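Read through the structure below, which is laid out as structure tokens, and then see the notes.
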Amino acid sequence: MKAETELPVKVEEKEKGRRTLPMFVQGALYLSPSLVLFFIFLFYPMARTIYLSLFLTDGQGEPIRFVGFENFTYLFQSPSFQNSIKATVLFVLYTVPAGILLALFLAIIANEKLKGIGFFRTIFSSTMGMSVAASSVIWMFMYNPAIGLFNQIVQVFGLSETQWLLDPKYALLAVSAATIWMNTGFAFLVLLGGLQNIDQQLYEYAKIAGVGYFYQLRKITLPLLSPTLFFIITVSLINAFQTFGQIDMLTKGGPIETTNVIVYSIYKDAFINHNIGSASAQAVLLFFAILLVTLLQFKIGEKKVHYQ
Amino acid sequence: MKKVDLLNVSKSYDGHHYVIHEISVSIETGEFFVLVGPSGCGKSTMLRMIAGLENISEGEIWIEGRKANHLLPHERDISMVFQNYALFPHLTVEKNIRFGLHTKKISKQEQKRRCQEAAEMLGLTELLDRKPRELSGGQRQRVALARAIVTQSSICLMDEPLSNLDAKLRAKMRSEIRQIQRQLGITMIYVTHDQIEAMTMADRMMVLNKGEIQQIGRPLDIYNRPANTFVASFIGSPPMNLAKVKFEGNVLIFEDGRAFAISEKVSKTVKEKDLLIGIRPEAIRLARNGENALVVTTVNSEILGTETFISFQMANVQWVARWNGQWNIPIGKKIPIIVNEQDIFLFSAKNGQRLYSSPQEKSSFSLEEEILL
Amino acid sequence: MRTAKTIILYILLIMSAAVMVFPIFYAFMISFMEGREVLGGRIIPQSFTFDNYMSAFERVPLLRYLWNSFIVSLAIMVGQLVVSSLAAFAFAFLTFRGRDFLFFLFISTMMIPWEATMVPNFMTVQKLGWLNTYTGLTVPFFALAFGTFLLRQHFKTIPIELYEASLVAGISRFRFFWSVVLPVSKTSLVTLGIYSFLTAWNMYLWPLLVTNNDSVRTVQIGLKQMQSQEISTEWGVVMAAVVIVILPTLILLFAGQKRLQSGLTQGAIK
Numbered sequence: 001m002k003a004e005t006e007l008p009v010k011v012e013e014k015e016k017g018r019r020t021l022p023m024f025v026q027g028a029l030y031l032s033p034s035l036v037l038f039f040i041f042l043f044y045p046m047a048r049t050i051y052l053s054l055f056l057t058d059g060q061g062e063p064i065r066f067v068g069f070e071n072f073t074y075l076f077q078s079p080s081f082q083n084s085i086k087a088t089v090l091f092v093l094y095t096v097p098a099g100i101l102l103a104l105f106l107a108i109i110a111n112e113k114l115k116g117i118g119f120f121r122t123i124f125s126s127t128m129g130m131s132v133a134a135s136s137v138i139w140m141f142m143y144n145p146a147i148g149l150f151n152q153i154v155q156v157f158g159l160s161e162t163q164w165l166l167d168p169k170y171a172l173l174a175v176s177a178a179t180i181w182m183n184t185g186f187a188f189l190v191l192l193g194g195l196q197n198i199d200q201q202l203y204e205y206a207k208i209a210g211v212g213y214f215y216q217l218r219k220i221t222l223p224l225l226s227p228t229l230f231f232i233i234t235v236s237l238i239n240a241f242q243t244f245g246q247i248d249m250l251t252k253g254g255p256i257e258t259t260n261v262i263v264y265s266i267y268k269d270a271f272i273n274h275n276i277g278s279a280s281a282q283a284v285l286l287f288f289a290i291l292l293v294t295l296l297q298f299k300i301g302e303k304k305v306h307y308q
Numbered sequence: 309m310k311k312v313d314l315l316n317v318s319k320s321y322d323g324h325h326y327v328i329h330e331i332s333v334s335i336e337t338g339e340f341f342v343l344v345g346p347s348g349c350g351k352s353t354m355l356r357m358i359a360g361l362e363n364i365s366e367g368e369i370w371i372e373g374r375k376a377n378h379l380l381p382h383e384r385d386i387s388m389v390f391q392n393y394a395l396f397p398h399l400t401v402e403k404n405i406r407f408g409l410h411t412k413k414i415s416k417q418e419q420k421r422r423c424q425e426a427a428e429m430l431g432l433t434e435l436l437d438r439k440p441r442e443l444s445g446g447q448r449q450r451v452a453l454a455r456a457i458v459t460q461s462s463i464c465l466m467d468e469p470l471s472n473l474d475a476k477l478r479a480k481m482r483s484e485i486r487q488i489q490r491q492l493g494i495t496m497i498y499v500t501h502d503q504i505e506a507m508t509m510a511d512r513m514m515v516l517n518k519g520e521i522q523q524i525g526r527p528l529d530i531y532n533r534p535a536n537t538f539v540a541s542f543i544g545s546p547p548m549n550l551a552k553v554k555f556e557g558n559v560l561i562f563e564d565g566r567a568f569a570i571s572e573k574v575s576k577t578v579k580e581k582d583l584l585i586g587i588r589p590e591a592i593r594l595a596r597n598g599e600n601a602l603v604v605t606t607v608n609s610e611i612l613g614t615e616t617f618i619s620f621q622m623a624n625v626q627w628v629a630r631w632n633g634q635w636n637i638p639i640g641k642k643i644p645i646i647v648n649e650q651d652i653f654l655f656s657a658k659n660g661q662r663l664y665s666s667p668q669e670k671s672s673f674s675l676e677e678e679i680l681l
Numbered sequence: 682m683r684t685a686k687t688i689i690l691y692i693l694l695i696m697s698a699a700v701m702v703f704p705i706f707y708a709f710m711i712s713f714m715e716g717r718e719v720l721g722g723r724i725i726p727q728s729f730t731f732d733n734y735m736s737a738f739e740r741v742p743l744l745r746y747l748w749n750s751f752i753v754s755l756a757i758m759v760g761q762l763v764v765s766s767l768a769a770f771a772f773a774f775l776t777f778r779g780r781d782f783l784f785f786l787f788i789s790t791m792m793i794p795w796e797a798t799m800v801p802n803f804m805t806v807q808k809l810g811w812l813n814t815y816t817g818l819t820v821p822f823f824a825l826a827f828g829t830f831l832l833r834q835h836f837k838t839i840p841i842e843l844y845e846a847s848l849v850a851g852i853s854r855f856r857f858f859w860s861v862v863l864p865v866s867k868t869s870l871v872t873l874g875i876y877s878f879l880t881a882w883n884m885y886l887w888p889l890l891v892t893n894n895d896s897v898r899t900v901q902i903g904l905k906q907m908q909s910q911e912i913s914t915e916w917g918v919v920m921a922a923v924v925i926v927i928l929p930t931l932i933l934l935f936a937g938q939k940r941l942q943s944g945l946t947q948g949a950i951k
């Protein structure tokens, strides 16, 4: 047995007899897979997108002529893009607040200690296991004008059939409803976790003090849940801006571009219209929009969130 | 009228295994009553049943003359201090203290006044605007206390409130809590696993083990006349020394063959053969020349400054003697010790019940007598 | 009062559960129905038939799609675990100049929306000849900042003294990583693994771009393909396909639910 050695200040210096690489190289080695991949598939493409947004491009995506901000000005003036912005903003407004309120409601009732509560928690989180494609197919069937569930219900009330996905009045709402359902599982799990992190004894004290259920909700649950709420609102907002799958499956951006949210618009421009310059410009705008929303969130959140 | 009455209260979570077995006790108004026992003995569960946070499986609980089994916590005229204080991290100290007062239908001014009073009583006036995370453990504890006081409930329940504090702070808070309780006349039901807290604070205490009452009584009564080996070794520090002995004729024979003679008075009361003998550390003294002593070998000695604990081998167990002063006794030294018969306890080896203890009152001192003498 | 509240809660729970689970339940029911029942607008099948499932496998290359999804998801899961754990190890234990800068770099990747990079990425993958290959579907995703952070959090709970002691004993850093850090962090690795697998299985946009034939097409795009075929009106068969697609993820979700929940919570608080 070696005699006990003191731990050296710089551990590397004790490794005699082995040619060890300097720490920097070692560190870089471990990080290299990530860094290489990030560079090729994240940083380079992002830079390239910004670059391409300043050019007119050919069908192959090669830049032809530098046009500066023309792509952007053209976009802002085009009614099609304005439609896109409107659709995106409305979509976010429809899905995020309602979705979080729903998930919060479910999390609150699923947080009680009742027999069989585990079963309900499983059901409420189940939509997290549903892919966008699968969920879209099911909702598409439910929206089917002839045999879909919603029209069956509507007929019971004596109203006429609606073309849920084809009627400009309803298409965005229909897609929003489906989206809210799809996103509930994840938000529910996060909020439930946040609720369970709250010290149960606080509620016990409240019981002894005699305050009512809703008072506890307002004064104990919500303030202490605020960090988690902040997190899920931020994540949901960012996700909402990036919606694509259900649009592609349900409406393909229509009818008359009422559901042409920005990512779908980028996809159409790039891969169907082969207008890479315009698509890149939109992508840049999307990037800044998300950045802006996130920064705003943090600004507001700093003030209102109670950290422990 | 008794403040709190428990009649044959039992609790089970699954209908088969009982965590609390038929507990009955009456707690008087203004009494400082302590539930003491090792971890898992059920004392916290008992407290929570009194609070109404847990259901009572069998038995009845009466509070101030009303049957309270189905009363909600806030209908029981109680306040509670939790082990982890349960302070609201997002509220200031003042808001914490005033939390829930609005349900008692008292005006905002009255709330403020009570809060000020309690803060003064506990030295918190400077801290009213702080948040709990800025406070030390002791300060948080006092906020929890203040919160209980402002409700002016006549019964206060405390669940190991001092166990998260360091020893010095604990000693200080013990005294403070006791003084406040006396001053306000609150009926206090206090749970702890620390027998020193129980001994120093209680008017009466209940020793619990595995959900069953071991003994109820005043601290000194329990100390001087423990009902069984559990109480004898749980109360008192260092714990009472115990050893197996066999009773034959007028002699108690230890497992190593050594014998201890006992008088007729004692042997008359003992009916069983297999016994446990119990002797408190302070009752073992150094034998003087000529006395009929037991010679034992020192195994360890701890000098505390005011007293010395000497461990020695006794039959198959290690015993501890406690002597006043600073004794320098080397390990391995043989010392002669002696015990007075009036200081011994005899317990049944079968069930631990106390079979004999001296009927004489333990010598306790009276100030007047001492001065006059 | 106590019981009234309990009853109300149960009613709310049951109603909410019914609404939330209905689409999934509906899909299951339709998948067992015969064609005419579906057109008749029923909800519960009268006749229970597996015909739809058989049709699904026969008329759509479902098995191939499932296999492709499985390979892709597994590859991404393993890839992410490997790449993230290596990076997390570097951040948690190694000290070197520029570490903080690189860490900040990792954070910045979370700010870049994936959609802003999809066009050049497509062109890159095309140039590399990775279209319609497993490589093209998986490699771009191996690096995950979120995964790195999750694992780094957990790695940091391992006392640094353990690491230093192993170095003094002459054990290489990689050895330490392999034999100590990884086994101890099983829980986070499993959490990340489940998350990766689920996310990969459900991916939509990238497989859409990168596959234009059935060779490596994943099952999600397979569902989309079904829409443009005549089979799209045979809802019984379609639903059977849907059920087959969601079954693995639902099962995985139920099995790992508790872990996923606690893992997500930790991420949220940080």
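If you read the sequences in order, they're chains A, B and C.
According to the numbering used here, the residues represented by the first sequence are 1 to 308, in order.
According to the numbering used here, the residues represented by the second sequence are 309 to 681, in order.
According to the numbering used here, the residues represented by the third sequence are 682 to 951, in order.
Backbone N, C-alpha and C define an ideal beta-carbon position, used for all residues, glycine too.
Just so we're clear, the structure is a prediction, and the values are computed from it rather than from any experiment.
State buried or exposed for Met696 (chain C), treating a residue as buried only when at least 16 other CB atoms are found within 10 Å of its CB. exposed
With a cut-off of 8 Å, do at least 3 Cβ pairs link the stretch 796–810 of chain C to the stretch 734–749 of chain C? no
Neighbour flag for Phe935 (chain C) against chain A, beta carbons, 8 Å: yes
Minimum C-alpha distance to Ser461 (chain B) - residue among B:Gln522, B:Gly408, B:Met513, B:Glu362: B:Gly408
Does the stretch 207–216 of chain A come close enough to the stretch 377–385 of chain B that 3 or more CB-CB pairs lie under 8 Å? yes
Output needed in chain order: residues of the stretch 708–724 of chain C with a Cβ under 9 Å from some Cβ in chain A. Ala708, Ile711, Val719, Leu720, Gly721, Gly722, Ile724
Contact under 8 Å by Cβ, Phe69 (chain A) with Ser125 (chain A): no
Restricting to Cα atoms, I'd like to know which of B:Ile494, B:Val625, B:Thr606 is closest to Pro638 (chain B). B:Thr606
Would Thr687 (chain C) count as contacting chain A if we go by Cβ distances under 8 Å? yes
Starting from the beta carbon of Gly61 (chain A), find every residue of chain C whose beta carbon is closer than 9 Å, and list them in chain order. Val800, Pro801, Phe803, Met804
Is Phe390 (chain B) near Met496 (chain B), with beta carbons less than 8 Å apart? no
If we count the other Cβ atoms within 10 Å of its Cβ and call it buried at 16 or more, is Gln308 (chain A) buried or exposed? Note on Gln308 (chain A): pLDDT 49, under 50, position unreliable in the model; no value is reported.
Give me the DSSP bridge partner(s) of Ala629 (chain B). B:Ile618
Please report the straight-line C-alpha distance between Asp58 (chain A) and Ile276 (chain A), rounded to a whole angstrom. 8 Å
Helix, strand or coil: which one does DSSP assign to Ile611 (chain B)? strand
Bounding residues of the beta strand (DSSP E) (the contiguous stretch that carries Trp370 (chain B)): 366–371
Determine whether the Cβ of Ile463 (chain B) lies closer than 8 Å to any Cβ atom of chain A. no
First and last residue of the uninterrupted beta strand (DSSP E) at Tyr885 (chain C): Element bounds for Tyr885 (chain C): n/a, residue is neither H nor E.
Spatial neighbours of Thr251 (chain A) within its chain, please: C-beta separation below 7 Å, excluding the five flanking residues on both sides. Leu165, Ala171, Val175, Thr259
The ligand ATP and Met701 (chain C): does the residue's C-beta get closer than 7 Å to at least one heavy atom of that ligand? Looking at this structure, you won't find the ligand ATP or any other ligand, since it has none at all.
Cβ shell of Leu889 (chain C) (< 6 Å), same chain only, five flanking positions each side left out: Ile902
What residues match up with Val333 (chain B) in a beta bridge as DSSP calls it? B:Leu314
Going along chain C in order, which residues have a C-beta closer than 8 Å to the C-beta of Trp181 (chain A)? Met701, Pro704
So is Met735 (chain C) buried or exposed if we call it buried at 16+ other beta carbons inside 10 Å? exposed
Cross-chain neighbours of Asp199 (chain A) in chain B, by beta carbon under 7 Å: Ala394
What residue does the alpha helix (DSSP H) around Gln24 (chain A) start on, and which one ends it? Looking at the sequence provided, one finds Phe at residue 24 (chain A) rather than Gln. It spans 23–38 - the alpha helix (DSSP H) in which Phe24 (chain A) sits, taken as one unbroken run.
For Ala209 (chain A), would you say it is in contact with chain B, using Cβ-to-Cβ distances shorter than 8 Å as the test? yes
Measure how close the beta-carbons of Ile358 (chain B) and Asn377 (chain B) come, nearest whole angstrom, since I'm counting them as under 8 Å. That belief does not hold up - the Cβ atoms of Ile358 (chain B) and Asn377 (chain B) are roughly 11 Å apart, past 8 Å.
Could you tell me which uninterrupted beta strand (DSSP E) segments, each at least 3 residues in length, are contained entirely in the stretch 376–450 of chain B, listed from first to last along the chain? 386–389
For Met1 (chain A), which of helix, strand or coil comes out of DSSP? Its pLDDT being 41, under 50, Met1 (chain A) is placed unreliably by the model, and the measurement read from it follows with that caveat. Looking at Met1 (chain A) - three-state DSSP - the assignment turns out to be coil, as it is neither helix nor strand.
Within the continuous alpha helix (DSSP H) that includes Leu106 (chain A), where are the two ends? 79–110
Which runs of the alpha helix (DSSP H) fall wholly inside the stretch 489–536 of chain B and span at least 4 residues, in chain order? 503–509, 527–532
Lys867 (chain C), buried or exposed, once every other Cβ within 10 Å from all chains shown has been counted against 16: exposed
For Thr411 (chain B), which residues from the same chain have a beta carbon less than 8 Å from its beta carbon, with the 5 sequence-adjacent residues on both sides left out? His382
Quick one: which residues of the stretch 362–389 of chain B get their C-beta closer than 9 Å to a C-beta of chain A? List them in chain order. Leu380, Pro381, His382, Glu383, Arg384, Ile386, Ser387, Met388
Host beta strand (DSSP E) of Ile592 (chain B) (start-end): 592–594
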